[in-house]
Every structure is written in C-alpha cells, then in structure tokens.
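Count the sequence shown with the working numbering and you get residues -18 to 184, in order. Heads up, the beta-carbon is just placed ideally off N, CA and C, and yes, glycines get one too.
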Amino acid sequence: GGVRPLSPDQPTIAGPAYTLRCLPYREDLCDPAKLGDSESSQRQTIEEAPPGSVIVIETRADTSAGVMGDILATRCRTRGVAGMVTDGAVRDISGMTASGFPVVCASATAPANIASFSDGGRQLAIACGGVCVVPGDAIIADQDGAIVIPADLVEAVVDDGEEQEDFEAWVLGEVEAGRKIFGLYPPDAETRARYEAHREDKP
C-alpha cells in the first residue's frame, strides 16, 4: 500500500501544493469531447500550477485510471513544476519515467482519467492518501513516501528536522565507533549531555 516514487533515481520532490480533485465517474459529467477543454480542471492545473509547485491529485486511492501520462508530465516539467504526488495511478509509465518529471504515485495503469473520474475542481482542500492537503501546504516526497506540512508550521518543522538530522548523524558515528544502542537511541540523559557538548564544540 501507500505511494512510492515512479523512478528510484528521481530527485526529492519539494514545494507548495497545487491541488486537483478527481471525483468518481458520472456519465453526465464526463464528456470525452471536453477532455482538452480550457474549462477542464486537469488541463488548467497543468497550465497554471506555478513553477516550483507540487501538483497533488486526490483520487481516493482509485487506481483504475491514470491521472497523468507522459505528454502532460512533459508539459509540467517544461513549465518548471517541481513534481506530482497522487494516491492514484499514472499511465504511459515508460514515457513518464523518460520525461524526467518526478512523480510519486500508488501504481501504473493503462486507461486515461476520463474512464474513471469526473472533474472535481482545483486549488481546494483535498484528501490525498487519507491526509488533508490544503493549497500552499509544503509537500516533500522521496524514496520513503510523501509528507505534508501545513504552511504556517514549515519553519518550525524545518528547524526541528535539521536538529534531528544532526543528532542522528552523530548517533550513527557513535554506532560506527562501536557504542551499544542502549541509552544511545533513544538518548538517555548522559547521551543527551554528550551530544550537546558535541554541538558546542562544532565550529
């Protein structure tokens, strides 16, 4: 389950969310003739998501049709969009990979989105992978999956994350040096004091 990068070699995706909702198929709302229409939320998203943003697409984990293929992915890349995250599927997987557009998704499939989805709108709060995503939220997606950070918490989360990364790098060095894991990770009071001394000694 969950979402994974389309390519193991793709870069980390990071940027503010630009959201798109795919609703369940309803015949009167799914006119194939309007698929490329300028009123299509999907097409508007492809053409209007700002450079550096991350397109986040809700399908309620429906992977019966692809939300994007290689042509649209290439258009996103040439416009400078940072990547795409969806709890659904993509299509044209070889072309998607070759496009160089970073994607995190649940799976790949052949049918186009019109086969399963109705237009649910864009730039509104969505539920992707069971998580609420609001336009402008910070999205980070790598080989481990994807996370969402509310926009007003980004600075605090980044500060905490940098400290945690530094601590774990120090712990790894301790383990490499042969130290036992007990009291080290998670740290007891002695370990925490040693780490703080290490931080103070850093240039």
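Best match in the options for proximity to residue i [C-alpha to C-alpha]
{"i": "residue 116", "options": "-12, -2 and 27", "result": "-2"}
{"i": "residue 7", "options": "35, 159, -14 and 100", "result": "100"}
{"i": "residue 120", "options": "49, 33, 76 and 47", "result": "33"}
{"i": "residue 38", "options": "176, -5 and 26", "result": "26"}
{"i": "residue 45", "options": "72, 130, 153 and -15", "result": "72"}
{"i": "residue 86", "options": "96, 5, 159 and 110", "result": "110"}
{"i": "residue 9", "options": "81, 97, 64 and 149", "result": "97"}
{"i": "residue 52", "options": "157, 20, 19 and 77", "result": "77"}
Paired residues, beta bridge with residue i - DSSP
{"i": "residue 39", "result": "2"}
{"i": "residue 103", "result": "1"}
{"i": "residue 247", "result": "The shown model of the chain, from -18 to 184, leaves out residue 247, and the question about it has no answer."}
{"i": "residue 98", "result": "5"}
Where residue i falls, given that 16 or more other Cβ within 10 Å makes a residue buried
{"i": "residue 192", "result": "As shown, the chain starts at -18 and ends at 184. That puts residue 192 outside it, with no answer to give."}
{"i": "residue 23", "result": "buried"}
{"i": "residue 163", "result": "exposed"}
{"i": "residue 59", "result": "exposed"}
{"i": "residue 142", "result": "exposed"}
{"i": "residue 113", "result": "exposed"}
{"i": "residue 159", "result": "exposed"}
Distance between beta carbons of residue j and residue i, contact taken as under 8 angstroms
{"i": "residue 40", "j": "residue 3", "result": "5 angstroms"}
{"i": "residue 169", "j": "residue -7", "result": "At roughly 33 angstroms, the Cβ-Cβ gap does not stay under 8 angstroms, so residue 169 and residue -7 are not in contact."}
{"i": "residue 66", "j": "residue 127", "result": "5 angstroms"}
{"i": "residue 47", "j": "residue -11", "result": "Actually they are not in contact, since the Cβ atoms of residue 47 and residue -11 sit about 20 angstroms apart, beyond 8 angstroms."}
Residues of its chain near residue i, where Cβ-Cβ distance is below 7 angstroms and the 5 sequence neighbours each way are ignored
{"i": "residue 88", "result": "44 and 70"}
Own chain partners of residue i with C-beta closer than 6 angstroms, once the 5 adjacent residues on each side are dropped
{"i": "residue 130", "result": "119 and 138"}
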